[in-house]
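Have a look at the structure below before the remarks.
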Amino acid sequence: MGPGGGYVPGNCRISMLWNWYTIDSCFIARGWHNRTKAGFAGSCIAVVALCVFLEFLRRGQREYDRLVMGNMAERKKAAATADPDAAAAAAAAAAAVAPKDGEVVVVNANQHPPVARAKAIQPNVTEQLIRTAFYVLQFAVAYLIMLLAMYYNGYVIICILIGVFLGHFIFGFDNVILG
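In the numbering used here, the protein residues as written are 309 to 487.
Shown next as structure tokens:
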């Protein structure tokens, strides 16, 4: 701050109110000091890339979860093939809870019919450790994006919106599920 509380060129220019600062704007740390318009443009590109990276991590998490489910299905199939009596018992148990022709199944709001229940898949320790690493990375990147948004810089917020748009457009195609 200069005399009388004014802005001194060369110092970090931070405002907790909506602003459009470019030159001398600082984000997160003093080391992220934009001294030129080119530096600020680089910061904008970095913010877009950070948001795209977040969507990449989310996609990676979903792909890894699919891999874990596929591995679990293979393990169950291998176990059923190794023990045909267990497979027959599981099929008989499933048939016992399924409604018969003409049978009415009453379900309240907190209960799902037995045939509609999804089977829980529990990953092993290594798989859960990898899933947790994905989660921590997503959390850290999302937190950085939130901190950037809290500078209330209009350009940075626009870059965040562009980044999540591009990231979801590129990495969100796997979310479309039919019927």
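C-beta atoms are modelled at their ideal positions from N, C-alpha and C, and glycine is treated no differently.
Between L358 and L445 a beta carbon distance of about 12 angstroms is seen, past the 8 angstroms cut, so the two are scored as non-contacting. Among the bridge pairs identified by DSSP, N327 is matched with N461. Bridge pairing for N342: S333 [DSSP]. Looking at the DSSP output, R321 bridges to S333.
In the three-state reduction of the DSSP assignment, Q430 falls in the coil class.
Close CB contacts of V472 within its chain, under the 6 angstroms cut and outside five residues either way in sequence, are with C359 (chain order). Here G471 carries a helix assignment [DSSP, helix/strand/coil].
In this structure, the CA atom of L455 is about 53 angstroms from the CA atom of T389. With the rule of 3 Cβ pairs closer than 8 angstroms, the stretch 433-447 does not count as touching the stretch 321-330. Just so you know, the alpha carbons of D393 and A386 end up roughly 13 angstroms apart. Rounded to whole angstroms, the gap between the alpha carbons of F348 and Y463 is 10 angstroms. Between V449 and F361, the C-beta spacing is below 8 angstroms. Rounded to whole angstroms, the Cβ separation of L325 and Y459 is 10 angstroms, and the two are not in contact under 8 angstroms. Between M377 and I438, the beta carbon gap of about 14 angstroms keeps them out of contact (Cβ cut-off 8 angstroms).
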